[in-house]
Each structure stands twice: as structure tokens, then as C-alpha cells.
Amino acid sequence: MKRLTVIGGGPGGYTAAFAAARAGMEVTLVEAAHLGGTCLNSGCIPTKTLKASAEALETALRLAEFGITCEGTPHVDPAAVLARKEKEARKKQKVIEIKEIRLSPNIDTNDLNTKINAAKKFLTKGDRVKVTLRFRGREMAHMASSKHILDDFAEALSDVCVVEKAPKVEGRSMTMFLTEKR
Ligand SMILES: Cc1cc2nc3c(=O)[nH]c(=O)nc-3n(C[C@H](O)[C@H](O)[C@H](O)COP(=O)(O)OP(=O)(O)OC[C@H]3O[C@@H](n4cnc5c(N)ncnc54)[C@H](O)[C@@H]3O)c2cc1C
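Letter by letter, the sequence shown follows residues 365 to 546 of the working numbering.
What follows is the structure, given as C-alpha cells:
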């Protein structure tokens with residue numbers, strides 16, 4: 365598997381990292397400051413939020429022109445204006461979690477369907493799902509013939525997800541990663 369390290373978690377970096385992960389690479393993203401880069405933390409979003417507050421004040425000072433009367437003079441609370449700016453940035457900072465679903469080679473159909481439904485909920489929320497098939501004792505001798513359990517699991521969710529990393533043996537387990545289809 366190809367490995368890629370992306371330096372910088374701004375719009376350029378994270379878009380490249382997601383595209384590479386979808387193409388099947390193992391990606392590490394390194395960010396020195398805050399995810400979201402200039403755009404989210406000091407550029408586009410913060411400046412637009414502050415500009416919106418300034419425009420609201422400007423309109424409030426000219427309410428009479430719009431045929432609206434209001435008692436008193438508008439008061440600006442700088443701390444509240446900055447708090448709103450931070451809140452807007454946080455709303456757009458989406459954290460993607462990795463959820464794990466564990467299966468065993470002899471899982472029954474009902475349990476499997478329950479796990480598939482749980483994975484569907486995680487995926488549609490935007491989280492990544494690591495599906496682990498765990499082998500014990502003599503089950504280890506039949507690892508290859510159990511791979512279809514992971515393939516079937518992914519197939520059952522193919523309307524909402526893509527396989528980001530195909531099934532791979534790691535010690536006593538076989539794992540794959542699923543991610544939301546866009
Ligand atoms: C005030 C302002 C307003 C803006 N408004 C708009 C707008 O309205 N619309 C618009 O389209 N664009 C706007 N932009 C431009 C937009 O912010 C940039 O085009 C965009 O952020 C560029 O994305 P990027 O990923 O290339 O770089 P950045 O967003 O700058 O991300 C680079 C990231 O790399 C990290 N980094 C740097 N060096 C290292 C290192 N050695 N190791 C690890 N991490 C590192 C940084 O911490 C940073 O998070 C605005 C910019 C500013 C400054």
C-alpha cells in the first residue's frame with residue numbers, strides 16, 4: 365500500500381488527504397497549529413463573521429431609514445462578538461471519529477444485521493468505521509475462507525459507504541476501514 369504524508373491541515377491539505385485516502389493510500393496528516401488552517405481559524409470564516417457583526421451594527425444605527433424605531437443606542441459587546449466568531453468556527457470544524465465494529469467468524473445473521481445497522485448510523489454521521497474480524501484458536505487456520513464476512517458486510521452498506529482500506533490481516537484479526545460515500 366502506498367503511504368503519503370500531507371503537511372498542513374488547511375483546505376488544501378485536508379482535501380488532498382481525503383482524496384488520497386479514498387484512492388486507497390495510507391495517509392498521515394501533520395498540522396502544526398489548528399485543523400482547518402487559515403480559512404477556518406483566521407481567514408475566511410472569522411473575517412466574514414466579524415464583518416456580519418459590523419453590518420448588523422451599521423443597520424441598527426440606521427433603523428429609522430427602514431421605518432423601524434427602537435429605544436436606546438445599540439451597544440457593542442466586543443467579548444460577545446469574538447465569542448460568536450469562535451462559535452461559528454467551531455461549528456464548521458468537523459471532527460471525524462473512528463468507530464470500531466467487532467465481528468467473529470461464527471457470528472449469526474441477527475447479530476450481523478445489528479452490527480451492520482450500527483455501522484450505517486456511524487457512517488451516515490460522517491464517522492469512519494474500522495471493522496475487525498477476530499479469530500481465536502483453530503479459527504486462525506481458516507482466516508482466508510472467512511474474508512467473505514467482511515466483503516459481505518461492506519456490500520450490505522454499499523449504498524452509504526466505500527471501502528477505504530480493503531481487508532488486511534493484522535495478527536489474530538482481519539480489518540477493513542469503511543468511509544461515507546460522497
Ligand atoms: C483574512 C483572510 C480572509 C480570507 N477570506 C477568504 C474567503 O472569503 N474566501 C476564500 O476562498 N479564501 C479566503 N481566504 C484565503 C484562504 O484562507 C486560503 O486560500 C486557504 O486557507 C488556503 O488553504 P491552504 O490549505 O493552502 O493553506 P492554509 O489554510 O494556510 O493552511 C496551511 C496549514 O499548514 C500548517 N502548516 C504550515 N507549515 C507547517 C509545517 N511545517 N508543519 C505542519 N503544519 C504546517 C499551518 O498551520 C496551516 O494550518 C482568506 C484569507 C485570509 C488571510
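The beta carbon of each residue, even a glycine, is placed where N, CA and C say it ideally should be.
Check                                                                                                 : Outcome
Straight-line gap, D472 to V495 (C-alpha atoms, nearest Å)                                            : 16 Å
Cα-Cα separation between K456 and L404, rounded to whole angstroms                                    : 8 Å
Backbone secondary structure at F541 - three-state DSSP                                               : strand
For S406 and A397, the rounded distance between their alpha carbons                                   : 12 Å
Any non-hydrogen atom of ligand 1 within 8 Å of K412 CB                                               : yes
Simplified DSSP state of R498, which is helix, strand or coil                                         : strand
The stretch 463 to 477 in contact with the stretch 430 to 444 per 3-pair CB rule at 8 Å               : no
The stretch 452 to 469 contacting the stretch 493 to 512, beta-carbon criterion three pairs below 8 Å : yes
For E395 and R386, the rounded distance between their alpha carbons                                   : 20 Å
Identity of the residue in L542, K532 and G501 nearest F517 by Cα                                     : L542
Proximity below 9 Å, CB of K511 to CB of P531                                                         : yes
Residue from Y378, G372 and H506 with nearest C-alpha to S537                                         : H506
Enclosing alpha helix (DSSP H) for C403 [first to last residue]                                       : G401 to N405
The beta strand (DSSP E) enclosing C408, as first and last residue numbers                            : Segment C408 to L425 is the alpha helix (DSSP H) holding C408; no beta strand (DSSP E) there.
heavy atom of ligand 1 below 8 Å from K419 C-beta                                                     : Residue identity check: residue 419 is Glu in the sequence provided, not Lys. Not under cutoff, so the answer is no.
DSSP state of K484 mapped onto helix, strand, coil                                                    : helix
Whole-angstrom distance between N481 and K415, CA atom to CA atom                                     : 44 Å
DSSP-derived helix/strand/coil call for A453                                                          : helix
Which of helix, strand or coil DSSP assigns to P442                                                   : helix
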